[in-house]
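First residue of the sequence shown? That's 3 in the numbering used here, and the numbers climb one at a time after it. The beta-carbon is built from N, C-alpha and C at its ideal position, and this holds for glycine as well. Input: a single structure, listed below in structure tokens.
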Amino acid sequence: MKIVMDEQQYQELEDLIGIFDGMFFDDEEVQCFKFIKDIVDREFDTDYINKERKELVGKQLNESFDWLESLNVNIKNKDKYLSCFLY
């Protein structure tokens, strides 16, 4: 499945990259949003991402969204991001 985004969705993704730039959870840098941007930019099919990588990205997404929600931040495209990395 390829991730297709309109301009507003892409802007939200870039905003998330800015928020999490240089941030770490459990001694691991949060790279899930950069990874998604790379997939979108290259029009890569997520079906070819291995299970372990999908699980890692899904875990980082969940942790990131939990943290944002604890600050009362609403992510409009949360479900779209998560759906690409369910295995």
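Sequence-distant residues of the same chain with beta carbon closer than 6 Å to residue i, five excluded per side
i          : result
residue 87 : 56, 59, 60
residue 65 : 27
residue 11 : 79
Minimum C-alpha distance to residue i - residue among the options
i          : options        : result
residue 32 : 75, 68, 63     : 63
residue 4  : 38, 79, 14, 28 : 38
residue 68 : 27, 54, 23     : 27
residue 43 : 9, 29, 81, 84  : 9
Rounded Cβ spacing between residue i and residue j (contact assumed at less than 8 Å)
i          : j          : result
residue 19 : residue 36 : 6 Å
residue 25 : residue 15 : With 8 Å as the limit, residue 25 and residue 15 do not qualify as a contact, their Cβ atoms being about 16 Å apart.
Opening and closing residue of the alpha helix (DSSP H) in which residue i lies
i          : result
residue 78 : It is not in any alpha helix (DSSP H) - residue 78 carries neither H nor E in the DSSP assignment.
residue 13 : 9–22
residue 63 : 53–72
residue 42 : 34–44
Close beta carbons around residue i, own chain, < 7 Å, minus the five adjacent residues each side
i          : result
residue 49 : 3
residue 41 : 5, 48
residue 70 : 77
residue 81 : none
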